[in-house]
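Numbering-wise, the sequence shown is residues 1 to 301 according to my numbering.
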Amino acid sequence: MSTQPIIESIYTDGACTGNPGPGGWGVVVYFQDGAVHEMGDASPHTTNNKMEMQAAIAALKYFHATRQSQPITLYTDSEYLINCVTKWVKNWKKKGWKKADGNPVQNQDLLEVLDELNTRQISWQHVRGHAGNVGNERCDAIARGFAHGKIPHLQELSLIDAHKTLPISHKLNVAKVSEDKAHSTIINKVKPETISSVSDITAMEPSTANTAGIDTIAPEMRVGQLRNLVETLRIADEIAEKGYLITSSELADLMDVHASAVTSRGDQWRWRNWIVSRVRREGNQILWELERGDRVGGEEE
């Protein structure tokens with residue numbers, strides 16, 4: 001009789017080029033027996049926060065589909081995601097999905113799904129991004145691969161023995177298409193002897209993943225990415241020209257990196273055509289300024 005493998009931990013991450021722009025998410029599941037299961041997908045037009053949430057949704061659906069009886073830790077480098085799920089969602093629901101300022105809560109649809117899937121079995125843990133954590137780095141690579149239109153090679157457990165311990169209704173649906181939603185799961189069968197199951201892990205945004213495994217970017221997507229890049233550079237130029245000061249999180253969004261990648265660089269460094277300088281701290285925020293420095297040496301992104 002097959003024994004259901006026990007999940008030890010799950011890592012999730014999301015990425016977006018342009019923010020908003022093409023995005024992707026990644027999930028890495030670690031089992032106690034050493035097995036690894038990876039998932040990921042893409043969306044043509046999204047935001048970083050949406051992709052962070054989508055990754056967590058896929059992870060939690062997989063957790064429940066495999067009928068785990070033991071609690072696990074879900075690691076993410078998004079403090080925003082953790083705060084949403086563990087702190088803010090209760091008050092938002094009480095207030096009819098309104099924030100303290102009366103404005104609607106963003107991404108309500110995704111938050112409702114997360115709230116439904118979240119249980120006491122899940123311990124949410126923040127992990128610092130780009131700090132050498134293997135699980136986080138792998139999730140980031142998967143998410144960014146999909147965001148850039150490339151399909152990463154995913155380790156995914158075989159379905160052969162999965163359903164010996166699971167009801168038929170929990171079999172993996174790899175390409176369910178409804179009237180207004182589409183998703184796909186890329187399968188690379190690397191461990192036929194181990195079990196795997198995920199029940200209808202539906203991407204809540206249209207997928208751009210190519211299940212044929214072609215590691216190329218469609219011309220229209222390349223053009224779209226270039227347009228997003230030009231818009232990003234235009235915004236950076238305007239910030240520099242008008243002397244605007246921006247926070248670390250705003251600068252990270254502009255550069256399409258995690259905030260930790262900004263704050264860990266020091267007081268002055270180079271990004272593309274600009275010299276980025278730390279100006280001062282206001283409360284919990286660090287303020288930065290951009291200055292055109294095309295001929296000035298320094299560290300590049």
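Even for Gly, the Cβ is constructed at its ideal location relative to N, Cα and C. Just so you know, these numbers come straight off a predicted model, no measurement behind them.
Ends of the beta strand (DSSP E) at residue i?
i: residue 27; result: 21-31
i: residue 288; result: 285-292
i: residue 271; result: 268-271
i: residue 125; result: 122-126
i: residue 253; result: Note, residue 253: premise wrong, no beta strand (DSSP E); alpha helix (DSSP H) at 248-255.
Quick check on this structure: which residue in the options has the alpha carbon closest to the alpha carbon of residue i?
i: residue 286; options: 247, 91, 13; result: 247
i: residue 27; options: 38, 236, 279; result: 38
i: residue 243; options: 275, 256, 253; result: 275
i: residue 263; options: 249, 273, 256; result: 249
i: residue 229; options: 148, 241, 290; result: 148
i: residue 223; options: 118, 109, 18, 13; result: 18
i: residue 78; options: 157, 282, 114, 127; result: 127
i: residue 11; options: 104, 100, 143; result: 143
i: residue 235; options: 290, 140, 72; result: 290
i: residue 41; options: 54, 47, 29, 48; result: 54
i: residue 45; options: 146, 273, 277; result: 146
i: residue 240; options: 5, 63, 56, 273; result: 273
i: residue 5; options: 15, 25, 67, 43; result: 67
i: residue 125; options: 86, 116, 109; result: 86
i: residue 80; options: 106, 254, 237, 238; result: 106
i: residue 43; options: 277, 238, 284, 150; result: 150
i: residue 69; options: 226, 129, 120; result: 120
i: residue 64; options: 97, 82, 29, 132; result: 29
i: residue 49; options: 281, 288, 253, 284; result: 253
i: residue 267; options: 284, 288, 282, 283; result: 288
i: residue 261; options: 232, 282, 131, 227; result: 131
Report, in whole angstroms, the separation of the C-beta atoms of residue i and residue j, which I expect to be a contact under 8 Å.
i: residue 270; j: residue 293; result: 7 Å
i: residue 279; j: residue 251; result: Going by Cβ atoms, the distance from residue 279 to residue 251 rounds to 11 Å, so no, they are not a contact pair.
i: residue 60; j: residue 7; result: The Cβ separation is near 11 Å, so there is no contact.
i: residue 140; j: residue 13; result: 5 Å
i: residue 114; j: residue 56; result: 6 Å
i: residue 58; j: residue 25; result: 7 Å
i: residue 47; j: residue 20; result: 5 Å
i: residue 75; j: residue 136; result: 7 Å
i: residue 84; j: residue 51; result: Not confirmed; about 14 Å, so no contact.
i: residue 72; j: residue 9; result: 6 Å
Which residue or residues does DSSP assign as beta-bridge partners of residue i?
i: residue 9; result: 30, 73
i: residue 278; result: 288
i: residue 16; result: 23
i: residue 37; result: 29
i: residue 42; result: 24
i: residue 98; result: 104
Which residue comes first and which comes last in the alpha helix (DSSP H) that contains residue i?
i: residue 135; result: 134-147
i: residue 244; result: Careful: residue 244 lies outside any alpha helix (DSSP H) and carries neither H nor E.
i: residue 54; result: 48-65
i: residue 83; result: 79-83
Is residue i near the ligand MN - that is, is its Cβ less than 8 Å away from at least one heavy atom of it?
i: residue 40; result: This structure does not include the ligand MN; it has no bound ligands of any sort.
Problem set entry | At least 3 beta-carbon pairs within less than 8 Å: the segment 17-36 vs the segment 92-103 | no
For this session: Inspect the CB distances between the segment 150-158 and the segment 96-104 and report whether three or more fall short of 8 Å.
Result: no
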